[in-house]
Each structure stands twice: as structure tokens, then as C-alpha cells.
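A.B. asks:
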Amino acid sequence: MMAARRVRTYRVFAGIGTVLAATLATGCHRAVIPSSPVSSVHAASASSTVPPFAGAPKVPSPLPESALSGDPCEALTLPQVTDALGRKVTQKRDDISGIGPNCFWSADSGATVAVTLDTEPQHGLSGLYANVRPKPGEKNPKAEVWKELPPIHGFPAVASVTRSGGKPDRYCNISVGLLDTATVDVGLFLGDSKIGTVDPCVPGARVADAAVTTIAGKAGR
Numbered sequence: 007m008m009a010a011r012r013v014r015t016y017r018v019f020a021g022i023g024t025v026l027a028a029t030l031a032t033g034c035h036r037a038v039i040p041s042s043p044v045s046s047v048h049a050a051s052a053s054s055t056v057p058p059f060a061g062a063p064k065v066p067s068p069l070p071e072s073a074l075s076g077d078p079c080e081a082l083t084l085p086q087v088t089d090a091l092g093r094k095v096t097q098k099r100d101d102i103s104g105i106g107p108n109c110f111w112s113a114d115s116g117a118t119v120a121v122t123l124d125t126e127p128q129h130g131l132s133g134l135y136a137n138v139r140p141k142p143g144e145k146n147p148k149a150e151v152w153k154e155l156p157p158i159h160g161f162p163a164v165a166s167v168t169r170s171g172g173k174p175d176r177y178c179n180i181s182v183g184l185l186d187t188a189t190v191d192v193g194l195f196l197g198d199s200k201i202g203t204v205d206p207c208v209p210g211a212r213v214a215d216a217a218v219t220t221i222a223g224k225a226g227r
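Per the working numbering, the very first residue in the sequence shown carries number 7; after that it's consecutive.
(1) Could you please give me the residues that DSSP links to E154 through a beta bridge?
(2) Please work out which residues of its chain come closer than 6 Å, Cβ to Cβ, to C207, disregarding the five sequence neighbours upstream and downstream, and give them in chain order.
(3) What do you get for S103, buried or exposed, if any count of 16 or more other CB atoms within 10 angstroms of its CB means buried?
(4) Under three-state DSSP, which class holds Q128?
(5) Per the contact definition of three or more C-beta pairs closer than 8 Å, is the region 131 to 138 in contact with the region 62 to 69?
(6) Identify the continuous alpha helix (DSSP H) that holds A90 and give its terminal residues.
(7) Under 8 Å, do L69 and L155 count as touching if we go by C-beta distance?
(8) CB D198 to CB G116, shorter than 8 Å?
(9) For A62, which of helix, strand or coil comes out of DSSP?
(10) So which of N108, S132, T118 has the shortest CA-CA distance to R93?
(11) One question on the structure: do V182 and A163 come within less than 8 Å of each other, judged by their Cβ atoms?
(12) Going by C-alpha to C-alpha distance, which of F195, P142, P107 sits closest to H189?
(13) Roughly how many whole angstroms lie between the Cα atoms of C109 and K98?
(14) Going by DSSP, what residue range makes up the beta strand (DSSP E) through V192?
(15) Do you know how far the Cα of L91 is from the Cα of D114?
(16) At the level of alpha carbons, what is the spacing between E144 and L84?
Here it is, written out as C-alpha cells:
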């Protein structure tokens, strides 16, 4: 019988921004995707900076804040989830204190996906750019993977994997700036049979596209 699999979003803040992390627990393929509380020092330093900053792109036509107040489990339909993960999928709402609403889905294959409405602490993509984006000449950048993607339905998007996160051949996080102060994040782990054969950022971007379509649609876009 397959071991239980579980995905959770957790994000570590350092300086003005966020560090995305993803790990797999030995034996049960437990996936941990983006977050942890923001320290008062970090919150204070970030509060004086208005997004966008750190080179993050400005969201040209942001959604209203109310667009991210819904249930993240409604961001994907069952057919979209099974297309990404396969059948026999379980779903769980698992909100992250200090980050925002989160929902994850997992399959017996080991494939998992999480959708997080990242509305706190209102850094948006700027936090990711400040803390994860590789800097010129940096010898040991936090990001093993950093790709500025083509806009998803007009919204700026980045694919990233940090060194403290999941292995790049299995995991990818897609962050889409829906407002200058908020993102929708999609973390995806490939199933066991797909590792080494598929770039996880490709299906991750497809899932992000589906989530953005749903969220923007509810906002009348």
C-alpha cells in the first residue's frame, strides 16, 4: 500500500522578502512547499517599502484585493487537478498563518500541487525578487532555478526553486503577481514516474495558468 503523501506550503522570510522552500521527507514523499512567520524586524523593514521594489515588475492591470479572498480549493476544477496529478486525488484546505489561504492536492503517484493565495505581508513578487532572485556575481545564490516566465494572462510570473527546497528535477514553484502586493503561488511535485523526464516548471505553469484563469474570471476579467 502506498505511503501517505502530504503537501504543505511554508515560506521563510529573510530581509525584505521571502525564501521559498520545499523538502521531501524520507520514505513517505512528504512535500513541504513555501512558509513561516515573519519576524517583527523583517516586518518592520519591509513595511517602509512600497511594492514593487527590488526589480520586481509592476502588475500592469492588478485584480481587486477581493479577488484573493476566496477559497483556494476552488482555484482548480477536478478535471484540471486530475490532468496535473492523475486520478485518486485527495484535497485538503491548509491555510498558512501570516501568508494566506492554501489548498493542496495529492495523488498516490507522489504527485502533489498546492495553490496559495499569498496576501500577507503584502510584498507580492517584490519579496521573491528581493530575497531569492540571483544577484550578479553571487557565488551561492539561494535559487537553483530562477526563470522569469512570459506573462500569464497579462500577469508577471516567475518560476523558482531554492537550494533549501525540493530537487529541481521534481519540484517547481510558480509565483504570479496578481497585485503589486499579492501573488498566487503554485507549488508542484512530479509523480515518481515523471522524475527526470519532465521539467516540473512546465506542468507547474499550466496549473498556474488554470488558477489565474479561475481567479481572474471571478473578478470579471
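Cβ atoms here follow ideal geometry from the backbone N, Cα and C, with glycine treated the same way.
Just so we're clear, the structure is a prediction, and the values are computed from it rather than from any experiment.
C.D. replies: Result, derived from the coordinates:
(1) Translated into the one-based positions of the sequence shown, residue 154 becomes position 148. Paired residues: V164.
(2) In the sequence shown, counting from the first residue as 1, residue 207 sits at position 201. The beta carbon of C207 lies closer than 6 Å to those of A165, C178 in the same chain, with the five residues before and after it left out.
(3) What you label residue 103 is simply residue 97 of the sequence shown in a count that begins at 1. So S103 counts as exposed.
(4) Within the sequence shown, residue 128 is the residue found at index 122, counting from 1. If DSSP states are grouped into helix, strand and coil, Q128 belongs with coil.
(5) In this structure the region 62 to 69 touches the region 131 to 138; the number of beta carbon pairs closer than 8 Å is three or more.
(6) Numbered from 1 along the sequence shown, position 84 holds the residue referred to as residue 90. Note, A90: alpha helix (DSSP H), 84 to 91.
(7) Walking along the sequence shown from the start, residue 69 turns up at place 63. Walking along the sequence shown from the start, residue 155 turns up at place 149. Remark: C-beta atoms of L69 and L155 do not approach each other more closely than 8 Å.
(8) In the sequence shown, the residue the question calls residue 198 occupies position 192. In the sequence shown, the residue the question calls residue 116 occupies position 110. Yes, the pair counts as a contact, with Cβ atoms nearer than the cut-off.
(9) Here residue 62 is taken as the residue at index 56 of the sequence shown, counted from 1. In the structure shown, A62 sits in coil (DSSP, three-state: anything other than H, G, I, E or B).
(10) Here residue 93 refers to the residue found at position 87 of the sequence shown. Comparing Cα-Cα distances from R93 to each of N108, S132, T118, the minimum goes to T118.
(11) Your numbering for residue 182 matches position 176 in the sequence shown. Your numbering for residue 163 matches position 157 in the sequence shown. Result yes, Cβ atoms of V182 and A163 sit closer than 8 Å.
(12) Residue mapping note: residue 189 aligns to position 183 of the sequence shown, counting from 1. A small correction: the amino acid at residue 189 is Thr; His does not occupy that position in the sequence shown. When each option's Cα is compared against that of T189, the closest is P107.
(13) Here residue 109 refers to the residue found at position 103 when the sequence shown is read from its first residue. Here residue 98 refers to the residue found at position 92 when the sequence shown is read from its first residue. Going by the C-alpha atoms only, they are around 6 Å apart.
(14) The count along the sequence shown starts at 1 and reaches residue 192 at position 186. From DSSP, the beta strand (DSSP E) with V192 extends over 188 to 195.
(15) For this step, residue 114 is matched to residue 108 along the sequence shown. For this step, residue 91 is matched to residue 85 along the sequence shown. For the pair D114 and L91, the Cα-to-Cα distance works out to about 9 Å.
(16) Sequence index remark: in the sequence shown, residue 144 carries index 138 (1-based). Sequence index remark: in the sequence shown, residue 84 carries index 78 (1-based). Cα to Cα, E144 sits roughly 42 Å from L84.
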